[in-house]
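Residue numbers (this note's numbering), protein chains in the order written: chain F, -16 to 346; chain U, 1070 to 1432.
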Amino acid sequence: MILYILRRLAVTVILLFVLSVITFWIYLKVPADPAGFLVDIQHASPAAIADAHHKLGTDRPVLTQYGDFVWRALHGDFGISWQSISFSFGGTPTGEHVGALVWHAALVTASLVLGGFVLMLLVAIPLGTYVATKPRSFADRVSVGLCIAAISTHPLVVGLLLQLFVGNKWKLLPASGYCTTAKPSREALEAWQRFAPTGVPAPCGGYVEWAHHLVLPWFTFALFFIALYMRIVRARMLEVLDEPFIRTARAKGASEFRVIRAHALRNAVAPIVTMAAMDAGLAIGIAMYIETVFGLPGLGRTTIRALAGFQGYDLPVILAVTLVAATAIILLNLVADLVLLWLDPTVTRKRGRGMSRLVGRAA
Amino acid sequence: MAVVDLSRAPELTFDDGPESSRPEGQWALTWRRLRRDRVALASGIFLVVLLFAVGPGAPLYERAVGHGPNDLFPYAVNVSLRPAGPFTVTWATSTLADDDPFAFTHKDPPQGTKKTLLLLGADSQLGRDEFLRLLYGGRVSLEVAVGAAVLAIAIGLVLGSIAGFFGGVVDSVISRFTDLVMAFPLLLFLVMLGSLFDYGGITRWTLHGVFNEGVLQLTLIIAAFTWFYPARIVRTQVLSLRGREFVEAAQMVGARDARIMRTHLLPHVIPPLLAYGTLLVATNIMIEVGVTFLGAGIKLPTASWGSLLAQTWGSLLNPNPFNPASVQPWLTLLPSLAIFMTVFALNQFGEGLREATDPRFVR
């Protein structure tokens, strides 16, 4: 067991190494000049451009740059985002620290993914259980049909339509933006008062505002996964309800509700959580769409801004996001495997996945 | 010596009525089972109609209405910049005759200007034909999706059968690779690579004008990240078949490995791959839409379903603000519907095909 964990962790380190190399390679291939973050390439003198390169450290050999990055990353310092970097007269760089940037973005993505996940469980488990107790009934057929339809719906489409109609046209819920869970400070409110006539939205915060702004993103996120997971819950439940111990429970006179809740549900639902951990990669992909549509400053949107910003490839941010996302996904997968092993010792370390599970993956 | 005239001998036939004892061929059986599946059949018919519409249908319609997908009709956009809705007949001219910037309507063009039909209205402030752009956009999206699926399956077939048949290093490398890719957010990589090639080179490849710019690039990128799944399917299939008697028999007769793979194993592998390929096309359409929406796929003015969705929404760095006077909901609804119907039909047809080709499947 310990050996298994160690081997998985070793693979993780190798993967992180490969990922960082690929990211660096892409950076080398992109013809955008990083000096563009500091000076106007079109009009600056060659000396100014060379100076900008020197300040960013991009005039050093690639291997030195890479080694320096690894060394500092191991010490928890990812550098300063090139999009926001500026230099004081002493030559000390100031700007947004990538570590803090990625941390804040990760919090946004986490609140989207976790909230959507809870919403998904709240719908998928009761619904899947209900239709499994009445197989081939009208409700069963309708919900299975709706599931297939929901799997075929692009999360972007759901997000855009919800934003357009529910958010913008009918004005039932906020259409975009993110509010932190902390209340806005008095200074921020006072500062906003001065800019209010220019149409800058008021600073918002607190748990109510936070949840209010996330309702549409959560729903969009959950809809895709409800479709995936309801089918799994239903199939597992049908399997479990055929088991002898269910018959025993019924024979002993337990009420149908008790049979379902205490005997069947527990066995059917336990693997779902671990399965969800394996879908973390997919979840981050879906979150990328949702963050873009609803203007949430999460990991996905941060990456895309760093990739396709006005000046080009913001290497420190992209490296940090790639590594953080990959680490999170791999660790979640590892935890999922371990929990699965712990739940059911007869499971071999093989992930059985049907074809239709693959379908939803890449979307 | 009597000479037997073989040409006049009665032909030996196995066809003795409906109670024929000759077993049905694999494909005849598949077709018979598929025909019973009404949903799959309807989806198949829809797909054929769709292929006709985006293939020969688009240029035919273009000839019928007399304008192309990139022609501008400023008269189809009113003075508050709201594009016209479905069933609009507008002036077929690309210049406005307006002289008063404060007028509430456009001034009619000079005498003799012809009119033209925009079946589904105008696509944006530029006033292009939405229906034609949907057709041509569908062509681009399907080219990318089908091309990437074919490429991925070809690669997967070769590497999967090698891995399954010979095992060893190739096998473990492919399997490890698949595990890693499955855990990682595919979309992040696609967007990264998409923005890498954004600067020219492969983006400009069109194979002498057969494809639009950017199609081949996106096809290759998507295929490069999706061949693992078909490889896995082929590998498991080949792995389970290579120990069977008919393979041993072929080996004993002295058949070479290549021949065994081609004539003995391939027929077993093709049906599930075909079904998976259909599902893969559906997934690829979703990926194309997503990557293009995020700004790393097909570039304007080439239409694709992704760019049509993105057009009303704006670009990533500055999304269009919602303006009730100028927003046309049809422009979000129509591409959404096209994407949904196509993906839904592909999913249904793929599932039907899978059930029809699987000899063990009992409805």
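Cβ atoms here follow ideal geometry from the backbone N, Cα and C, with glycine treated the same way. Owing to the predicted nature of the structure, the values given are computational and were not obtained by experimental measurement.
Whole-number beta carbon distance between residue j and residue i, since they are thought to touch under 8 Å
i          : j          : result
Trp1382(U) : Ala1407(U) : Their Cβ separation, rounded to whole angstroms, is 16 Å, which puts Trp1382(U) and Ala1407(U) out of contact at 8 Å.
Thr1401(U) : Ile1354(U) : About 17 Å; that fails the 8 Å criterion.
Leu1334(U) : Leu1310(U) : 6 Å
Gly358(F)  : Gly82(F)   : Absent from the model: residue 358(F). The displayed extent of chain F is -16 to 346, so no value can be given.
His1136(U) : Ala1161(U) : 7 Å
Ala1127(U) : Leu1204(U) : 4 Å
Gly1190(U) : Thr1157(U) : 5 Å
Ala1357(U) : Ala1221(U) : This sequence places Glu at residue 1357(U); Ala is not what is there. Their Cβ separation, rounded to whole angstroms, is 14 Å, which puts Glu1357(U) and Ala1221(U) out of contact at 8 Å.
Ala356(F)  : Leu282(F)  : Given that chain F is displayed from residue -16 to residue 346, the structure contains no residue 356(F) and the question cannot be resolved.
Tyr296(F)  : Ala15(F)   : 6 Å
DSSP bridge partner residues for residue i (one or two, in chain order)
i          : result
Ser69(F)   : Thr77(F)
Glu1185(U) : It is worth fixing the name first, because residue 1185(U) is Thr in this sequence and not Glu. DSSP, once it has assigned bridges, lists Thr1159(U) as partnering Thr1185(U).
Pro1388(U) : Gly1383(U)
Gly1190(U) : Bridge partners of Gly1190(U): none, in fact.
Asp1198(U) : Ala1191(U)
Thr163(F)  : Gly188(F)
Val1146(U) : Pro1152(U)
Ile63(F)   : His80(F)
Beta-carbon spacing of residue i, residue j below 8 Å
i          : j          : result
Val300(F)  : Ala289(F)  : yes
Ile287(F)  : Leu1363(U) : yes
Leu21(F)   : Ala30(F)   : no
Pro1143(U) : Arg1202(U) : no
Gly111(F)  : Met220(F)  : yes
Gly1421(U) : Leu1103(U) : yes
Val1148(U) : Gln1194(U) : no
Ala232(F)  : Val216(F)  : no
Ile24(F)   : Gly142(F)  : no
Thr1099(U) : Pro1340(U) : yes
Ile1367(U) : Val1227(U) : no
Thr348(F)  : Leu84(F)   : What the structure shows of chain F is the stretch from -16 to 346, and residue 348(F) is not part of that stretch, so it cannot be assessed.
Thr1182(U) : Thr1159(U) : no
Val304(F)  : Thr257(F)  : no
Closest Cα partner of residue i within the set the options
i           : options                                        : result
Arg124(F)   : Val322(F), Arg244(F), Thr285(F), Arg214(F)     : Arg214(F)
Tyr161(F)   : Ala132(F), Val198(F), Gly268(F)                : Val198(F)
Tyr49(F)    : Thr310(F), Leu298(F), Val318(F)                : Leu298(F)
His195(F)   : Pro157(F), Leu172(F), Ala218(F)                : Pro157(F)
Arg(-10)(F) : Leu323(F), Trp325(F), Leu317(F), Leu324(F)     : Leu317(F)
Thr163(F)   : Phe207(F), Met258(F), Ser94(F)                 : Ser94(F)
Cys187(F)   : Ser159(F), Phe204(F), Ala205(F)                : Ser159(F)
Ser1384(U)  : Asn1392(U), Thr1371(U), Gln1397(U), Ala1365(U) : Ala1365(U)
Tyr190(F)   : Asp225(F), Ala210(F), Ala165(F), Arg169(F)     : Ala165(F)
Leu147(F)   : Met(-16)(F), Val276(F), Thr(-5)(F)             : Val276(F)
Val96(F)    : Thr203(F), Asn250(F), Val322(F)                : Thr203(F)
His1337(U)  : Ser1241(U), Arg1313(U), Ala1324(U)             : Arg1313(U)
Val1350(U)  : Gln1306(U), Thr1361(U), Leu1211(U)             : Leu1211(U)
Ile1290(U)  : Ala1232(U), Thr1305(U), Asn1416(U), Thr1361(U) : Thr1361(U)
Ser1395(U)  : Ala1372(U), Gly1196(U), Val1209(U)             : Gly1196(U)
His306(F)   : Gln1180(U), Leu1257(U), Asp1240(U)             : Note that residue 306(F) corresponds to Leu in the displayed sequence, not to His. Per the Cα distances, Leu1257(U).
Arg1151(U)  : Trp1296(U), Glu1199(U), Asn1392(U), Gly1094(U) : Asn1392(U)
Ala266(F)   : Pro254(F), Glu239(F), Tyr(-13)(F), Phe208(F)   : Phe208(F)
Met1330(U)  : Leu1348(U), Leu1308(U), Tyr1345(U)             : Leu1308(U)
Val1108(U)  : Gly1419(U), Leu1403(U), Asp1427(U)             : Gly1419(U)
Pro1254(U)  : Pro1178(U), Ala1217(U), Phe1294(U), Gly1207(U) : Phe1294(U)
heavy atom of the ligand FAD below 7 Å from residue i C-beta
i          : result
Val1338(U) : Annotation note on the ligand FAD: not contained in the displayed structure, which lists no ligands.
Legend entry - Short-range partners of chain U found in the stretch 184 to 204 of chain F, where Cβ spacing is below 7 Å: Listed in sequence order: no entries.
Inset, instruction - Mind checking the stretch 267 to 283 of chain F against chain U and listing, in chain order, the residues whose C-beta falls within less than 8 Å of any C-beta there? - result: Flagged, chain order: Ile267, Gly268, Met271, Tyr272, Thr275, Val276, Gly278, Gly283.
Inset, instruction - Check distances from the C-beta atoms of the stretch 1303 to 1328 of chain U to those of chain F and list, in chain order, the residues that come in under 8 Å. - result: Correct list: empty, as no residue qualifies.
Inset, instruction - Using a Cβ-Cβ cut-off of less than 9 Å, list which residues of the stretch 142 to 161 of chain F approach chain U; keep chain order. - result: Residues of the stretch 142 to 161 of chain F with a C-beta atom less than 9 Å from some C-beta of chain U are Leu143, Leu144, Gln146, Leu147, Phe148, Gly150, Asn151, Lys152, Ala158, Ser159, listed in chain order.
Legend entry - chain F contacts made by the stretch 1409 to 1423 of chain U, where a contact means CB separation under 9 Å: Flagged, chain order: Phe1409, Met1410, Thr1411, Val1412, Phe1413, Ala1414, Leu1415, Asn1416, Gln1417, Gly1419, Glu1420, Arg1423.
Legend entry - Under 9 Å (Cβ pairs) to chain F, residues found in the stretch 1223 to 1246 of chain U: Taking 9 Å as the upper bound on Cβ-Cβ separation, chain F lies near residues Arg1245 of the stretch 1223 to 1246 of chain U.
Inset, instruction - Mind checking the stretch 245 to 269 of chain F against chain U and listing, in chain order, the residues whose C-beta falls within less than 9 Å of any C-beta there? - result: Within the stretch 245 to 269 of chain F, the residues whose Cβ lies closer than 9 Å to some Cβ of chain U are Met261, Ala263, Gly264, Leu265, Ala266, Ile267, Gly268, Ile269, listed in chain order.
Legend entry - Contact set between the stretch 1350 to 1364 of chain U and chain F, restricted to residues whose Cβ is under 9 Å from the partner: Listed in sequence order: Ala1351, Thr1352, Asn1353, Ile1354, Met1355, Ile1356, Val1358, Gly1359, Phe1362, Leu1363, Gly1364.
Legend entry - Where the stretch 83 to 96 of chain F meets chain U: residues whose CB sits under 7 Å from a CB there: Those would be none; no residue qualifies.
Inset, instruction - Residues of the stretch -16 to -2 of chain F with a CB closer than 7 Å to any CB of chain U: list them in chain order, please. - result: Going along the stretch -16 to -2 of chain F in chain order, one finds Leu(-2) with a Cβ nearer than 7 Å to chain U.
Legend entry - Near-chain U residues of the stretch 216 to 233 of chain F - C-beta to any C-beta below 9 Å: Taking 9 Å as the Cβ-Cβ cut-off, the stretch 216 to 233 of chain F has no residue approaching chain U.
Legend entry - Residues from the stretch 106 to 137 of chain F in contact with chain U, defined by Cβ distance under 8 Å: Within the stretch 106 to 137 of chain F, the qualifying residues are Ile131, Ala132, Ile134, Ser135, Thr136, His137.
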